[in-house]
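Remarks on the structure that follows.
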Amino acid sequence: MHYQIELANLQAIHTAVIRSRVPPHELSRFVPAACGEVWSFVRSAGLPQPGRHVALYLDRQGTVEVGAEVSEPFVGNDRVQCSQLPSGCTATTVHLGPYARLSEAYTEVRRWCAERGHQLSDVSWEIYGHWDESWNAEPSKIRTDVFHLLQV
Numbered sequence: 005m006h007y008q009i010e011l012a013n014l015q016a017i018h019t020a021v022i023r024s025r026v027p028p029h030e031l032s033r034f035v036p037a038a039c040g041e042v043w044s045f046v047r048s049a050g051l052p053q054p055g056r057h058v059a060l061y062l063d064r065q066g067t068v069e070v071g072a073e074v075s076e077p078f079v080g081n082d083r084v085q086c087s088q089l090p091s092g093c094t095a096t097t098v099h100l101g102p103y104a105r106l107s108e109a110y111t112e113v114r115r116w117c118a119e120r121g122h123q124l125s126d127v128s129w130e131i132y133g134h135w136d137e138s139w140n141a142e143p144s145k146i147r148t149d150v151f152h153l154l155q156v
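Residue numbers (the working numbering): 5 to 156.
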């Protein structure tokens, strides 16, 4: 897949998340389960205007925050916390295709940044497109926006 990578200055986005330390081989199970649990919390709490699902990778030790965009701060519970996606300058691209191939987008972002002298931080995240039933038949249309925060 060809990736169009660009720089974007982003504002913080409020999120409802489950924060955990997850080994890479368990992410494919943890992310959907956490998204479902957070979405149930968002609905039961009556949070207005929930958005897309997100996965925020905070460090190289596997600390992640997984959940959904929300429109305002809220009081969480013992599992679901109020957090936010970071603000700042990012290198970003769109990945179209199965989640199992997301690493290709990250590889291209790292390559693109290295070629241009941009220093990457350890923080990256994904924002998943709202699921469309047609993606079950055509996984090549699954949209994931990928962001990698740059060092300042």
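Even glycine gets a Cβ: it sits at the ideal position worked out from N, Cα and C.
- Assignment of beta strand (DSSP E) within the stretch 19-62, counting only whole runs of 3 or more residues, yields 57-61 in chain order.
- In the structure shown, the three-state DSSP call for residue 84 is coil.
- The DSSP-derived three-state label of residue 79 is coil.
- Counting C-beta atoms within 10 angstroms of its own C-beta, residue 70 has 16 or more neighbours from the protein chains shown and is therefore classed as buried.
- Note: residue 149 is bridge-paired with 98 and 131 in the DSSP secondary-structure output.
- If you draw a straight line from the Cα of residue 87 to the Cα of residue 121, it is about 30 angstroms long.
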